[in-house]
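The block underneath contains the structure these notes are about, expressed in structure tokens.
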Amino acid sequence: MTPDDLDAVLDLRKRSFGPTSASERDRWRRAVTPVLGEGRYLGVFEGTRLAAAARLRSLTQWWHGRPQPMAGIAGVTVNPEDRGRGVGTRLMRAVVDRAAALGDAVSTLYPATTPIYRGVGYEHAGAQHNVRLPAEALRGIRPSGQVKLRRMGPDDAAELISVLHRVYAATRVSGPVSWDERTWSLWLEAEDDFLYLADDGFVIYRWKGDDILVDSLVAGSAETARALWTLVGSASSIAQHVIAPVAPDDPVLWLLRERGKEQVKQVRWMLRVLDVAAAVERRGYPVPATCEAVITVEDPLLGGGTWRLEISGGSGAAVPVAEGAGASGAVLTANGLAALYSGIPTATLRLAGLMSGDVRYDEALDMAFAARPYMLEYF
Ligand SMILES: CC(C)(COP(=O)(O)OP(=O)(O)OC[C@H]1O[C@@H](n2cnc3c(N)ncnc32)[C@H](O)[C@@H]1OP(=O)(O)O)[C@@H](O)C(=O)NCCC(=O)NCCS
């Protein structure tokens, strides 16, 4: 799409997601205008009339501590009068083709409904885990050591990204994403957010009514984790609750004095593998896992095939196996491969009908792809 289409896109968004304020619309225009030239906003047109749109965000995603470029699909919208006629599916097929053409090996999205995305090869992979804690509960976390915290702003985007790269590699995370520098700069402008940066972590949070809403909190050491959560918890004389996206095994849950019934809202996200060889090569794996497996992927949209996976020393490779070479292995649908890549156990995949064929590699695949993927960001 071109800048001339943006008014029509805003109308489409209003009809799909509800009205927004003038300042939100202005921020949205500033965010999307630069990506139009990169072919990262696709529209379905009937003649000159815009019927549907979707955006391909340029994100970085970590898998077992290794970063790779990832197409984050957002703003999938079909005009109300055009829904239920296959327009959304047609749009998503173009999105998958475009994401592959841009060179990304994986793509993710937060689905408002599953079938349209499942139909083009996306499968449920992970979640944004939002925990709701009584603000009082954070009072028990005591700082340890001296951690230098400073306020950050738009000029700190590059530094923040380098903190993410260091911390996510060291903690071997799967799932978290980072915006590009331009987008971080826009987010770091937000007037009502409180933004603090440490050498190995940061926090972004704000008030929401009587509660504190944490946007993201990342820490690479015990001292920084304590310092950042203490900072957030210092609002507890006024705030009722703190709502924060966390890892399913986030250290804050082990810093709390009490844990019992926990309120966690999981907002699910789905993943698609766009390029088998590149996706396997760009992912990280547990260093002690050394194994081989043969998989056949059935992918009517992008074309499947058979690969021999070789995992060792924390790296992986997928070597194509010629047809008729006699190698038999596990058979995965495109959705099954997406779920396997995201650490869903092979037993689940077989029982859910996403995987069939030879079982001899199942334990090796479970060991190599083991992950509990999550995201802090939403898009
Ligand atoms: C969701 C949306 C994009 C679907 O577009 P569409 O053109 O109606 O979709 P299609 O006609 O191609 O249908 C694709 C599949 O999704 C299903 N589907 C469509 N809308 C659905 C809904 N609201 N709830 C559940 N399933 C839905 C269809 O039944 C079809 O499934 P099938 O292939 O198993 O028959 C469209 O309804 C929309 O813009 N909704 C409002 C905004 C929104 O929710 N966007 C998604 C943000 S992640």
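Quick note on the numbering used here: the sequence shown kicks off at 51 and runs consecutively. Backbone N, C-alpha and C fix where the C-beta goes; we use that ideal spot for every residue, glycine too.
Per-residue DSSP class, three states only, for residue i
i: K198; result: coil
i: T110; result: strand
i: W319; result: strand
i: L382; result: strand
i: R105; result: strand
i: I211; result: helix
i: E241; result: coil
i: A377; result: coil
i: G93; result: strand
i: V369; result: strand
i: S362; result: strand
Between the CA atoms of residue j and residue i - distance to the nearest angstrom
i: M51; j: G97; result: 14 Å
i: V82; j: W237; result: 13 Å
i: Q313; j: V181; result: 6 Å
i: A121; j: G190; result: 40 Å
i: L245; j: W257; result: 12 Å
i: L431; j: A389; result: The chain is shown from 51 up to 429; residue 431 falls before or after that span and cannot be answered.
i: V19; j: V128; result: Not covered by the structure: residue 19. The range shown for the chain is 51 to 429.
i: T233; j: R90; result: 14 Å
i: K198; j: I166; result: 47 Å
i: A339; j: P301; result: 25 Å
i: A367; j: T158; result: 22 Å
i: V337; j: Q290; result: 43 Å
i: G376; j: M425; result: 40 Å
Counted within 10 angstroms of its Cβ, other Cβ atoms place residue i as buried (16 or more) or exposed
i: A248; result: buried
i: T192; result: One detail in the question is off: residue 192 reads as Arg in this sequence, not Thr. Result: exposed.
i: L401; result: exposed
i: R116; result: buried
i: Q111; result: buried
i: V126; result: buried
i: V369; result: exposed
i: S224; result: buried
i: V409; result: exposed
i: T396; result: buried
i: P53; result: exposed
i: P130; result: exposed
i: I288; result: exposed
i: A72; result: exposed
Heavy atom of ligand 3 within 7 Å of residue i beta-carbon
i: S157; result: What this structure holds is ligand 1, not ligand 3.
Exercise for review: Determine, using beta-carbon pairs with one atom in the segment 250-267 and one in the segment 284-303, whether at least three such pairs fall under 8 Å.
Suggested key: yes
**Study point:** Segments of 4+ residues assigned as alpha helix (DSSP H) that fall wholly inside the segment 251-300
**Key:** 272-283
Exercise for review: Would you mind listing the beta strand (DSSP E) stretches within the segment 388-428 that are 3+ residues and don't spill past its ends, in chain order?
Suggested key: 405-407
**Study point:** Segment contact, 8 Å Cβ cut-off, at least three pairs: the segment 415-423 with the segment 331-347
**Key:** Taking 8 Å as the limit for Cβ pairs, the verdict is that the segment 331-347 does touch the segment 415-423.
Review point. Fully enclosed by the segment 128-188, which beta strand (DSSP E) runs are 3 residues long or longer?
Key: 156-159 and 173-184
Practice item. For the segment 332-360, list the beta strand (DSSP E) runs that are entirely contained and at least 3 residues long, ordered along the chain. Key: 341-348
Exercise for review: Check whether the segment 324-335 touches the segment 150-167, counting contact only when three or more Cβ pairs, one atom from each stretch, lie closer than 8 Å.
Suggested key: yes
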